[in-house]
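Engineer: Have a look at the structure that comes next, please.
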Amino acid sequence: MRHNKKFNHLGRKKAHRDALLANMTVSLIKHKRIFTTLAKAKALRMYAEPLINRAKEDTMTNRRVVFSYLQNKEAVTELFREISQKIADRPGGYTRILKTGNRLGDNAKTCFIELVDYNENMLKDKKAAKTRKTRRGGKKTAAAVEAPAAEAPVAEAPVAE
Numbered sequence: 022m023r024h025n026k027k028f029n030h031l032g033r034k035k036a037h038r039d040a041l042l043a044n045m046t047v048s049l050i051k052h053k054r055i056f057t058t059l060a061k062a063k064a065l066r067m068y069a070e071p072l073i074n075r076a077k078e079d080t081m082t083n084r085r086v087v088f089s090y091l092q093n094k095e096a097v098t099e100l101f102r103e104i105s106q107k108i109a110d111r112p113g114g115y116t117r118i119l120k121t122g123n124r125l126g127d128n129a130k131t132c133f134i135e136l137v138d139y140n141e142n143m144l145k146d147k148k149a150a151k152t153r154k155t156r157r158g159g160k161k162t163a164a165a166v167e168a169p170a171a172e173a174p175v176a177e178a179p180v181a182e
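With positions in the sequence shown counted from 1, the corresponding number in the working numbering is that position plus 21.
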């Protein structure tokens, strides 16, 4: 039975699982996107997001806590310098999982896990979605209303002689 077991053990002992998740988090921080299985990505999201959330406030305590999990100075430095600047106003949800299908060898579900603020293609789509045209055509500006009236030819009354 699986009473009170809330996270995926990934078929590994605790030390092996912690090392796996720490290494995957370091790779995610350095490369901004990694390719892995869906189960590992979901476990990584639970592991990495609290660490990324700690990076919002750059204190010595937060740096030490994050370093105790990751054991990689370069990743901690990049997390607190660059990534924390981009996620400063985001209230959560720092990672995105994009499913890519099944692996050929063992038919495992695979996916990308990436940092949300670093995908330029999705950011472009978000900006384009805000400037969408509607079927109604939207509101006309005052200049647009006056311009056609000024251009319309005015029929002059015939001059009586």
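Glycine residues also receive a C-beta, built at the ideal position from the N, C-alpha and C atoms. This structure is a prediction, so every number in the text was calculated from the model and none was measured.
For N123, decide whether its Cβ has a neighbour in chain B, counting only Cβ atoms nearer than 8 angstroms.
Structural biologist: Among the protein chains of the structure shown there is no chain B, as only one such chain exists.
Engineer: Helix, strand or coil: which one does DSSP assign to R85?
Structural biologist: Residue mapping note: residue 85 aligns to position 64 of the sequence shown, counting from 1. Three-state result, R85: helix.
Engineer: Under 8 angstroms between the Cβ atoms of A96 and I50?
Structural biologist: Start at 1 with the first residue of the sequence shown, and residue 96 comes out as number 75. Start at 1 with the first residue of the sequence shown, and residue 50 comes out as number 29. Yes, these two residues count as a Cβ contact at 8 angstroms.
Engineer: Should the segment 81-93 be regarded as contacting the segment 116-123, the criterion being three or more beta carbon pairs within less than 8 angstroms?
Structural biologist: No, the segment 81-93 is not in contact with the segment 116-123.
Engineer: At the level of alpha carbons, what is the spacing between E78 and T58?
Structural biologist: The residue given as residue 78 occupies position 57 in the sequence shown. The residue given as residue 58 occupies position 37 in the sequence shown. Answer to the nearest angstrom: the Cα atoms are 31 angstroms apart.
Engineer: How do the segment 69-87 and the segment 22-37 stand: do at least 3 beta-carbon pairs fall below 8 angstroms, yes or no?
Structural biologist: Taking 8 angstroms as the limit for Cβ pairs, the verdict is that the segment 22-37 does not touch the segment 69-87.
Engineer: From this set, G113, C132 and G114, which residue's C-alpha is nearest G122's C-alpha?
Structural biologist: Working through the sequence shown from its first residue, we reach residue 122 at position 101. Selected option, being the one with the closest Cα: C132.
Engineer: Give the C-beta separation of L100 and I73 to the nearest angstrom, bearing in mind that I take them to be a contact with Cβ-Cβ under 8 angstroms.
Structural biologist: One-based indexing of the sequence shown puts residue 100 at position 79. One-based indexing of the sequence shown puts residue 73 at position 52. Right, the Cβ-Cβ distance comes to about 7 angstroms (below 8 angstroms), so this counts as a contact.
Engineer: Excluding the 5 residues flanking A60 on each side, which residues of the same chain have their C-beta closer than 7 angstroms to its C-beta?
Structural biologist: Position 39 of the sequence shown, counted from the start, is the residue given in the question as residue 60. Taken in chain order, the residues that qualify are N29 and L31.
Engineer: Which runs of the alpha helix (DSSP H) fall wholly inside the segment 93-140 and span at least 4 residues, in chain order?
Structural biologist: Listed in chain order, the complete alpha helix (DSSP H) runs (minimum 4 residues) inside the segment 93-140 are 94-99.
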